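If you count the sequence shown from 1, position 130 lands on 130 in the UniProt record's numbering, and the numbers rise without skipping.
C-beta atoms are modelled at their ideal positions from N, C-alpha and C, and glycine is treated no differently.
These numbers come from a predicted model, not from an experiment.
Heads up, the thing below is written out as structure tokens.
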Amino acid sequence: MDDERTEVGLRIEKEALAAAESAHEALRSAGATCATAESLTGGLIGAHLTAVPGSSATYLGGVVTYATETKAALLGVPEDLLAEHGAVHPDVAAHMARGVRRLTGADHGVAVTGVAGPEPQDGQPVGTVYAAVTGPDSRTRVVRFSFTGDRAGIRLDTVKGALMLLRTAVRGDVTGNTRA
């Protein structure tokens, strides 16, 4: 059982690294930079981006705002929004993406917030994730994911989803809810 789980984890990690390479290539082709704001992934998106050779040309850095109060303190997420809806909400993800972009001066800010488990949070079931990306056009796009699996799998799926969203946003063909 442990061997199968390890093999599945390695497969997912390879897919996440491929997503990081694809996002890096899109950024490089556009002459653009990005920064990350992470909650449930705890820095995994940044770790995957920096695993790509040459990533220093496109990745400026990131912040991990795991605790709810740090989302407000570091990224400017409104405290009343957090009090009313909790940390797992599309508007929180949007504010996080805009906040990290403003903080770093990156062309694109990407953010994730969600529930990796094992228990639900803020009325949201395990596997609920909101990913947001904001770019030079100042539009913020938010996508809701519903992942299944264990905590590690949900976190790695979140990495892949966020990096795919970043890639498509940089290329200009992203879909999702746009927030002003």
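Thr6 versus Arg98 - alpha carbon distance: With a pLDDT of 49 at Thr6, under the threshold of 50, the modelled position of this residue cannot be trusted; read the value that follows with caution. For Thr6 and Arg98, the gap between their C-alpha atoms comes out near 36 Å.
Separation of Val100 from residue 184, as counted between CA atoms: Past the boundaries of the shown model lies residue 184; the chain is included only from 1 to 180, so the question cannot be answered.
Residue environment, Glu69, which counts as buried when at least 16 other CB atoms sit within 10 Å: Of the other Cβ atoms in all chains shown, fewer than 16 fall within 10 Å of the Cβ of Glu69; this residue is therefore exposed.
Whole-angstrom distance between Ala111 and Ala93, CA atom to CA atom: Cα to Cα, Ala93 sits roughly 6 Å from Ala111.
Proximal residues to Phe145 (C-beta, below 6 Å), its chain only, five neighbours per side dropped: Same-chain partners within the cutoff: Val129 and Gly161.
Enclosing alpha helix (DSSP H) for Gly99 [first to last residue]: Segment Pro90 to Thr104, the alpha helix (DSSP H) holding Gly99.
Continuous alpha helix (DSSP H) stretch holding Glu79: start and end: Under the DSSP assignment, Glu79 falls in the alpha helix (DSSP H) whose first and last residues are Glu79 to His85.
Contacting residues, own chain, Cβ-Cβ under 7 Å from Gln124 (five flanking each side not counted): Closer than 7 Å at the Cβ level, and outside the excluded window around Gln124, lie Val88 and Val115.
Under the three-state DSSP convention, the category Thr113 falls into: Note: Thr113 maps to strand in three-state DSSP.
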